[in-house]
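**Student:** Residue numbers (the working numbering): -9 to 137. In this text, a Cβ means the ideal position worked out from N, Cα and C, and glycines have one as well. Here's a structure for you.
What follows is the structure, given as structure tokens:
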């Protein structure tokens, strides 16, 4: 399995990456509206990268990038209009779930996943942040997985 492109999210003016996928239910529509050739990049199985922002406790989609057929693994920003009818940022009313942000230095690498000092969990209900908590991974004993 290839390391996968992460979604980008800005929280309190800080840019992070997350493995969470708030657009997961839109994958089919994204491929249709933007004519994305499925599986173009092995590092992007979902065929898009979403850009997000949390503003006053509300989750917004601010952009979508899709793979370009150039042999270099490039991504290009596309308009939100074909999918949502506007190019403005979109309130993510459809998303209820958890967005995980990893913070701090890397403590351990497990194949394609890194364990960082802290895991920060942002909980959303219909696009509104309802909870937040952190897990301090420095207090756990991490051992490599056997092959």
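For residue 51, count neighbouring C-beta atoms within 10 Å of its own C-beta (all shown protein chains included) and say buried if the count is 16 or more, exposed if not.
**Tutor:** Label assigned to residue 51: buried.
**Student:** I need the DSSP call for residue 4, collapsed to helix, strand or coil.
**Tutor:** The answer is strand: DSSP assigns residue 4 an E or B state.
**Student:** Taking only the alpha-carbon atoms, compute the straight-line gap between residue -4 and residue 46 and give it to the nearest angstrom.
**Tutor:** Distance between the alpha carbons of residue -4 and residue 46 is about 23 angstroms.
**Student:** Quick check on this structure: which residue in 4, 112, 93, 24 has the alpha carbon closest to the alpha carbon of residue 49?
**Tutor:** Of 4, 112, 93, 24, the residue nearest in Cα terms is 112.
**Student:** Starting from residue 124, trace the beta strand (DSSP E) both ways and give me its first and last residue.
**Tutor:** Looking at the DSSP string, the run of the beta strand (DSSP E) that includes residue 124 is 118 to 126.
**Student:** Along the alpha helix (DSSP H) that carries residue 73, what are the first and last residues, could you check?
**Tutor:** 71 to 74 is the extent of the alpha helix (DSSP H) around residue 73.
**Student:** Where do the ends of the alpha helix (DSSP H) carrying residue 14 lie?
**Tutor:** Per DSSP, residue 14 belongs to no alpha helix (DSSP H) and is neither H nor E.
**Student:** Below 8 angstroms, can you find three or more Cβ-Cβ pairs linking the segment 100 to 109 to the segment 12 to 25?
**Tutor:** No: the two stretches stay apart, fewer than three of their Cβ pairs being nearer than 8 angstroms.
**Student:** Going by Cα to Cα distance, which pick from 38, 1, 68 is closest to residue 15?
**Tutor:** When only C-alpha atoms are compared, the closest one is 38.
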